[in-house]
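**Student:** My questions will all concern the structure given below.
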Amino acid sequence: MSKAVVHKSKQTLPPTINEIVFSSDFESLYFHHFLHSTTDQLSSWHGSSNFWLPYALPLAHLCPPIRYSMIAVGAAHRLFMARSVSPTQSAELQRLAIYQYNKAIKSILPLMSASSIYDMHCILICCVLFISFEGLTGRYDDLLRHLRAGNQLLDPSLLESTPEQSVVTKKLVEMLSPLGSIVISFVDKDFHFGVSPWYEGGSFQDETATQPFHDLDEASYELQRLSVQETDATWVDQVLRETQSDETDEDLNQAPRLAIEEDFRKWSSRFESMKQSQQANISSRYDTQLRHLRMEQQFRKLNIDLESLDSSGEVISDPELFTLLLDAAKSVAEPFLAVNYPTFSLNGELVRCLSYIAGRANHPLTSGVQSEALGLLRRLNRREGFWDSNDVVMMHDMLLFEESDESGVYLEWEGAVPAGVPGFLEELRRAQEFQGSEL
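Counting with full-length UniProt numbering, you get residues 1 to 439 for the letters of the sequence shown.
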């Protein structure tokens, strides 16, 4: 009597990195460059450090567009770091990077009509990689285009996914949302419309409002919630409705700002409590996140303090006002100043914070603070999304020249900047050329 043979289905495992078949040595080289070098820099800002390797890399095994995008970003990052290479080498590397970028764009088109969460995650990861590519190559208008597309792709249906899928979506939101906050300061458009549903509600209205944050990731997420709320028209309308009955018109206009400030005070209290309770947990990743969050905390606090002084008509002339933020920025800058090559991050607040100090410390009594901030920017050689330290130094030098110009001609500029600091620099150059032709 023959025995029945039971065939067990074998689970197919994704290939290892060494098993992936690349069409050229170039693809293999810059895929590995992305994994071993680029991800470290993309992850140097708090919040993204636990995304690329555990979440994006497994999908790169199965989704060719992600793999091609990683190769393109790896090549663009190599080009960004090697600014001293010969023009011939630079042109060849740029050509190869753009070829891979176009290859990724072409291969992702068939996925655009798909509606599964897996396909949506593949597209969104490619979108973030395209944003990184445009940032590395300085093509800021295209960066805006991909950022807008990413927001549009964050469909509400993603909220109804499994817990495992929600983790990936949340990580993508955490990368897209800070970029939206930066863009809003340059462009008069809402770049938070896609991420807003992921920040609705909040821990400041429930029983956890006075408890320490569980970890730095939660603290980062809740701080970004405040940035989203500031530009969320729905949230602003809700605050106005809740305060309309018992406030004067003047107080009513201040209600959203005061609500944000109150929530920030609660955030700071929870953040300080968390730091005290986790003093023993000082890993390198924890320390990096902590430095960044401390700097963002001091940035927001200083902004609140200076706005209060501005509204009361007081002159900002006390250097001590800037001490805490400047010290926090120095702490964040240390590892970037220690290397002899340009550094890049998809997001970040360091260049923005130093630029803010240089712009606000413009009184003769605070000139030392301004000089120190500009000195750090000159040495930094760093790009964070739209913010490039070299561009920012040039911008402030041009603005300082305008302020010291005794010709009686003043720079006047109004309107939204199309492409961040580079766009603002272009406006400054045009204004200076116009002024020169008028003299």
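Just so it is clear, CB atoms sit at the ideal spot from N, CA and C, and this is done for glycine as well.
In this text, all values refer to a predicted model and were calculated from it rather than measured experimentally.
How many Å lie between residue 457 and Leu179 at the Cα?
**Tutor:** Since the displayed the chain opens at 1 and closes at 439, residue 457 lies outside it and no answer follows.
**Student:** Just the Cα atoms here: how many angstroms apart are Tyr199 and Thr39?
**Tutor:** Distance between the alpha carbons of Tyr199 and Thr39: 26 Å.
**Student:** How should Asn151 be labelled, buried or exposed, when 16 other C-beta atoms within 10 angstroms of its C-beta is the threshold for buried?
**Tutor:** That one is buried.
**Student:** Measuring straight from C-alpha to C-alpha, what distance separates Phe401 and Phe344?
**Tutor:** Those two C-alpha atoms are separated by around 29 Å.
**Student:** In the DSSP assignment, the alpha helix (DSSP H) including Phe213 goes from what residue to what residue?
**Tutor:** Element bounds for Phe213: n/a, residue is neither H nor E.
**Student:** Where does the unbroken alpha helix (DSSP H) through Ser345 begin, and where does it stop?
**Tutor:** Where Ser345 is concerned, there is no enclosing alpha helix (DSSP H), although the beta strand (DSSP E) it sits in stretches over 343–345.
**Student:** Considering only residues of the same chain and omitting the five flanking positions on each side of Gln278, which have a CB-CB separation below 6 Å?
**Tutor:** Hits under 6 Å: none found.
**Student:** Cβ of residue 481 within 8 Å of Cβ of Cys126?
**Tutor:** Here the chain covers residues 1 to 439 and nothing more, so residue 481 does not appear.
**Student:** What is the rounded straight-line gap between the Cα of Leu290 and the Cα of Leu216?
**Tutor:** The alpha-carbon atoms of Leu290 and Leu216 are separated by roughly 7 Å.
**Student:** Using the three-state DSSP reduction, which class does Arg382 fall into: helix, strand or coil?
**Tutor:** Note: Arg382 maps to strand in three-state DSSP.
**Student:** Given a cut-off of 8 Å, decide if Met295 and Val332 are closer than it, judged by their beta-carbon atoms.
**Tutor:** Yes, the pair counts as a contact, with Cβ atoms nearer than the cut-off.
**Student:** Looking at Asn340: is its Cβ nearer than 8 Å to the Cβ of Gly385?
**Tutor:** It is not a contact, given that the beta carbons lie outside the stated cut-off.
**Student:** Going by alpha carbons, who is nearest to Ser367 out of Ala91, Ala338, Pro319?
**Tutor:** Answer by Cα proximity: Pro319.
**Student:** State whether the segment 90–99 contacts the segment 112–124, with contact taken as three or more CB pairs (one from each stretch) at a distance under 8 Å.
**Tutor:** Touching, no, given that fewer than three Cβ pairs across the two stretches are closer than 8 Å.
**Student:** DSSP three-state label for Asp119, please.
**Tutor:** Correct three-state label for Asp119: helix.
**Student:** Have a look at the DSSP bridge pairing and note the partners of Trp387.
**Tutor:** According to DSSP, Trp387 bridges with Glu384.
**Student:** Are there 16 or more other CB atoms within 10 angstroms of the CB of Ser437, so buried, or fewer, so exposed?
**Tutor:** In this prediction, Ser437 scores a pLDDT of 48, lower than 50, which makes its location untrustworthy; the coordinate-derived value is nonetheless stated afterwards. Exposed is the call here.
**Student:** If contact is defined by three or more beta carbon pairs under 8 Å, each pair taking one atom from either stretch, is the segment 61–72 in contact with the segment 24–35?
**Tutor:** Yes, since at least three Cβ pairs between the segment 24–35 and the segment 61–72 fall closer than 8 Å, the two stretches touch.
**Student:** Using a Cβ-Cβ cut-off of 7 Å (strictly less than) and excluding sequence neighbours within five positions of Tyr101, which residues of its own chain qualify?
**Tutor:** Answer for Tyr101: Ala72, Phe133, listed in chain order.
**Student:** Identify, in the order they occur along the chain, each residue of the same chain with its Cβ nearer than 6 Å to the Cβ of Leu377, setting aside the five sequence neighbours on each side.
**Tutor:** Result list for Leu377: Leu354, Ser389, Val392, Val393, in chain order.
**Student:** For Val351, report the span of its alpha helix (DSSP H) as first-last.
**Tutor:** Element bounds for Val351: 350–360.
**Student:** Alpha carbon to alpha carbon, how far is Gly415 from Ile184?
**Tutor:** Here Gly415 scores only 41 on pLDDT, less than 50, and its place in the model is too uncertain to base an answer on.
**Student:** Among Glu160, Met274, Val173, which residue has its Cα nearest to the Cα of His214?
**Tutor:** It is Met274 whose Cα lies nearest to the Cα of His214.
**Student:** Measure the alpha-carbon distance for Ala255 versus Ala75 and round it to whole angstroms.
**Tutor:** Their backbone Cα atoms lie some 48 Å apart in a straight line.
**Student:** According to DSSP, is Met70 part of a helix, a strand, or is it coil?
**Tutor:** Helix, per DSSP.
**Student:** Can you give me the C-alpha to C-alpha distance between Gly359 and Asp305, rounded to a whole angstrom?
**Tutor:** The alpha-carbon atoms of Gly359 and Asp305 are separated by roughly 15 Å.
**Student:** His363: which of Met395, Ala328, Phe322 sits nearest, CA to CA?
**Tutor:** Closest by alpha carbon: Phe322.
**Student:** Apart from the five residues just before and just after Glu261, which ones in its own chain have a Cβ nearer than 7 Å to its Cβ?
**Tutor:** The residues are Ile304.
**Student:** Give a yes or no on whether the C-beta atoms belonging to Thr169 and Ser161 are separated by under 8 Å.
**Tutor:** Contact: yes.
**Student:** When DSSP labels each residue in this structure, what does Phe22 get in the three-state scheme?
**Tutor:** If DSSP states are grouped into helix, strand and coil, Phe22 belongs with coil.
**Student:** Under 8 Å between the Cβ atoms of Leu147 and His77?
**Tutor:** No.
**Student:** For Gly375, is the classification buried or exposed, using 16 other Cβ atoms within 10 angstroms of its Cβ as the cut-off for buried?
**Tutor:** So Gly375 ends up on the exposed side.
**Student:** How big is the Cα-Cα spacing for Leu324 and Gln370?
**Tutor:** Going by the C-alpha atoms only, they are around 14 Å apart.
**Student:** To the nearest angstrom, how far is it from the Cα of Leu143 to the Cα of Phe130?
**Tutor:** Roughly 7 Å between the two C-alpha positions.
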